[in-house]
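Protein chains in written order, with the numbering used here: chain A, 15 to 353; chain B, 324 to 632; chain C, 235 to 535.
Now the structure itself:
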């Protein structure tokens with residue numbers, strides 16, 4: 015049994031906008047090991063959600079299509095898998111939870127019914143067996159009055175409870191990989207902590223890997239073993255949480271970390287990364303982050319770096335300066351438009 | 324739910340009132356002296372006066388209205404001017420065909436309309452979509468009486484499969500109900516299509532797919548069930564228009580229903596019958612809308628189980 | 235006059251904050267409209283129909299009312315492109331004459347409904363209060379009756395004849411205009427330039443006429459185009475039932491009603507007028523749909 019549960023190699027996903035194709039995900043590669051929690055970080059629009067949808071091949075009702083690369087899940091390539099087999103994997107071996115629990119649950123079906131579905135379809139349970147399991151699952155995710163909640167409709171539950179139900183639905187068939195797309199973003203801060211705690215517990219109990227997609231570095235610091243940073247549809251840095259936070263090897267990561275105010279430090283001014291994320295249809299030549307980068311060199315503006323290894327570690331960074339010890343601040347930062 | 328129901332019920336009462344007044348005023352709106360109209364062209368002055376007192380037309384209006392409402396509540400609709408029969412009897416004898424016709428038409432409309440709506444939504448922007456929508460807008464544009472006649476020509480005269488009219492057998496209901504349902508069929512198809520297109524984009528559909536369910540279940544159980552709620556309510560509201568169309572269809576297919584009765588009465592200037600029928604139709608319309616509203620409250624879980632009752 | 239002087243200034247202020255000029259909006263609308271090919275085809279058809287209605291009667295080969303007992307109920311032929319009816323009259327000529335009738339009846343009925351409904355809607359939306367409630371209650375009552383039934387009821391009161399058909403169709407069309415214009419008025423009332431105008435001392439009448447009414451125009455146009463089809467159907471239905479035009483007139487619905495008796499032996503008498511009604515209504519419906527999509531896709535209800 016390989017250690018690598020999921021191996022994404024050169025994934026490319028394109029979206030049709032008008033008559034042209036736009037690359038939302040451009041040559042993305044990363045892997046997830048068993049029992050690992052990997053964080054996928056980036057600002058909105060960087061392609062992290064599209065990546066996750068591509069992994070599950072859930073692009074059906076969007077103008078997006080996977081146009082290249084491989085997604086190896088335990089030696090099977092999900093990209094070329096027939097739809098029938100992909101269906102067996104969804105909800106069963108790989109499960110996904112989404113950001114907005116209210117709109118992600120069907121408003122006209124009872125909670126119990128929605129929970130029973132994957133159980134009956136994938137595990138072949140009978141209606142009564144599925145009902146029992148469903149109640150169990152609700153208890154597992156910390157919902158006290160499980161039997162009653164089974165008969166409720168989504169709008170009768172609070173936001174936190176709905177997210178717990180989503181999680182219950184996802185782990186119902188004990189998946190090997192759980193993809194969580196911004197699971198706590200829409201929740202109150204106190205509930206956030208509870209949900210994260212729940213995810214941690216479930217991960218340990220069920221021995222599963224988690225791909226946690228978020229823009230919140232705090233969540234990453236708390237939950238993840240390894241982190242992948244994305245920008246403009248590309249992976250720009252990869253490494254363990256510790257290494258990344260202590261010593262970021264990509265200016266974008268550095269900027270992200272700096273922009274989070276730390277409680278004990280006296281902060282004079284909140285730092286932000288100047289400029290805007292480029293429009294995917296009008297990407298600058300060379301490094302995509304260069305126009306906003308304080309350390310950009312001539313080479314950075316002209317040539318796009320590959321994902322370079324950082325010497326002495328298993329880390330990677332898409333930056334010409336990845337292996338430099340010190341970074342010089344060069345000149346004024348442009349307003350985000352490529353020269 | 325209870326509050327919702329009570330609100331609806333209360334809202335209907337003033338409407339019923341006003342409608343009853345409107346229909347009551349009907350005979351007084353006709354240019355000319357009501358008593359003379361009722362008595363007929365050849366009546367003598369004495370006869371006209373006799374009728375005036377008999378029908379209470381010499382009383383002040385509000386008193387007449389009172390009596391009118393009183394009679395209504397006792398089920399007394401007056402006497403037909405042309406046949407002399409009690410209007411209530413005439414209505415009762417022709418109620419069944421019209422009701423059957425209406426329900427069968429709704430049946431056609433729902434079955435075909437939903438089917439076309441779902442198929443066009445699932446095959447959005449491909450040829451089944453274009454075909455279906457073209458068919459829908461065509462059916463909306465076809466004059467009902469023409470469609471009926473064309474169908475008669477085709478299926479009765481040429482092919483001889485179905486009768487040309489009348490209700491000797493159950494077959495006599497097929498063509499008229501299809502004709503009557505044709506307009507609503509297209510409305511349901513169009514509405515289903517747009518509703519499905521919306522629901523299919525909803526996130527819970529994505530969740531359903533993420534659970535690994537088959538596409539038919541995703542569309543059938545998750546998307547459709549949400550759309551169905553709206554569609555059924557809209558369809559229910561169209562019921563009233565079936566009443567209007569029944570006038571045409573019953574005429575074309577020679578069906579002895581309430582619609583035909585209305586047309587005949589108008590041609591015969593039988594005002595008591597006309598008045599009673601108009602009231603009946605309006606009442607039916609209002610009641611059906613009320614039922615549909617209440618039904619919506621029942622099948623939409625958000626209203627049925629809302630925390631504020 | 236004081237009013238003019240004050241509101242002349244209002245004009246300038248208001249113009250600055252008013253939405254984009256007429257020319258730009260019209261251009262954008264035309265571009266969107268032309269994209270829908272079926273709607274354009276429908277528009278062309280309608281144009282041709284209007285032309286035929288206007289000049290047609292001058293160029294018809296046959297007299298639509300003169301019977302010709304030598305050519306009773308003849309089928310399609312070179313001399314009679316649509317055959318002849320039970321009196322030997324050329325059907326094509328009758329249909330051309332009838333187009334004038336049908337189009338004028340339905341268009342005028344819808345126009346009357348538009349004028350009345352818009353006036354009521356503007357008043358109800360702008361002034362609110364008891365006026366609003368009365369108007370809305372009134373339209374509710376009218377809405378309580380199914381379309382055709384209401385029309386039949388009105389004709390029952392007034393008696394048969396084309397003028398009464400126009401009145402009937404206008405009456406049952408008014409509430410829908412009132413409702414739509416009222417809601418547009420309500421949202422237009424919120425607009426900033428109305429506030430600006432009012433603070434400059436513009437009278438209510440001026441505000442309604444100069445500022446709110448123009449906002450309602452797209453909705454009016456769309457609703458008109460969408461209701462003409464229904465008006466044609468209603469008018470021809472009434473004629474079919476014998477409540478509209480007198481049977482001698484070449485009204486399309488009446489032609490069908492007359493031809494019904496001869497369905498088995500001369501179906502073309504029924505086919506052609508009905509086909510023409512169908513195509514005309516279809517064209518107006520497609521055109522109306524296209525218009526609505528081009529003017530404001532959000533109006534799809």
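From the three backbone atoms N, C-alpha and C, an ideal C-beta is built for every residue, glycine too.
Taking DSSP as the reference, what is the three-state secondary structure of residue i?
i: residue 246(C); result: Because residue 246(C) carries a pLDDT of 40, less than 50, the predicted location of this residue cannot be relied on, and no value is offered for it.
i: residue 377(B); result: helix
i: residue 76(A); result: coil
i: residue 48(A); result: coil
i: residue 159(A); result: coil
i: residue 84(A); result: strand
i: residue 490(C); result: helix
i: residue 409(B); result: strand
i: residue 391(B); result: helix
i: residue 23(A); result: strand
i: residue 171(A); result: coil
i: residue 576(B); result: coil
i: residue 401(B); result: coil
i: residue 42(A); result: strand
i: residue 606(B); result: helix
i: residue 475(C); result: coil
i: residue 270(C); result: coil
Report yes if the CB atom of residue i is closer than 8 Å to the CB atom of residue j, and no otherwise.
i: residue 489(B); j: residue 431(B); result: no
i: residue 290(C); j: residue 341(C); result: no
i: residue 470(C); j: residue 520(C); result: no
i: residue 186(A); j: residue 151(A); result: yes
i: residue 491(C); j: residue 474(C); result: yes
i: residue 55(A); j: residue 175(A); result: no
i: residue 440(B); j: residue 358(B); result: no
i: residue 570(B); j: residue 471(B); result: no
i: residue 603(B); j: residue 414(B); result: yes
i: residue 500(B); j: residue 553(B); result: no
i: residue 161(A); j: residue 149(A); result: yes
i: residue 267(C); j: residue 516(C); result: no
For residue i and residue j, I'd like the C-alpha separation in whole angstroms.
i: residue 453(C); j: residue 588(B); result: 39 Å
i: residue 163(A); j: residue 154(A); result: 13 Å
i: residue 331(A); j: residue 43(A); result: 12 Å
i: residue 236(C); j: residue 356(C); result: Bear in mind that a pLDDT of 39 at residue 236(C), under 50, signals an unreliable position, so the number given afterwards is only what the model happens to contain. Distance between the alpha carbons of residue 236(C) and residue 356(C) is about 26 Å.
i: residue 354(C); j: residue 127(A); result: 50 Å
i: residue 293(A); j: residue 25(A); result: 20 Å
i: residue 488(C); j: residue 419(B); result: 30 Å
i: residue 404(C); j: residue 422(B); result: 29 Å
i: residue 309(A); j: residue 335(A); result: 9 Å
i: residue 317(C); j: residue 326(C); result: 7 Å
i: residue 57(A); j: residue 249(A); result: 12 Å
i: residue 71(A); j: residue 257(A); result: 32 Å
i: residue 392(B); j: residue 568(B); result: 28 Å
i: residue 34(A); j: residue 251(A); result: 29 Å
For residue i, count neighbouring Cβ atoms within 10 angstroms of its own Cβ and tell me buried if that reaches 16, exposed if not.
i: residue 32(A); result: exposed
i: residue 419(C); result: buried
i: residue 414(C); result: buried
i: residue 265(C); result: exposed
i: residue 619(B); result: buried
i: residue 426(B); result: exposed
i: residue 443(C); result: exposed
i: residue 324(A); result: buried
i: residue 349(A); result: Low confidence applies here, because residue 349(A) scores a pLDDT of 43, under 50, leaving its location unreliable and the question unanswered by this model.
i: residue 46(A); result: buried
i: residue 260(C); result: exposed
i: residue 384(B); result: exposed
i: residue 462(B); result: buried
>> Extract the residue ranges of the beta strand (DSSP E) inside the segment 105-148 of chain A, only unbroken runs of 3 or more that lie entirely within it.
In response: Here the runs fully enclosed are 108-111.
>> Threshold first: 3 residues or longer. Then list the beta strand (DSSP E) segments lying entirely within the segment 236-292 of chain A, N to C.
In response: The segment 236-292 of chain A is shown to contain whole beta strand (DSSP E) runs of 3 or more residues at 240-245, 248-254, in chain order.
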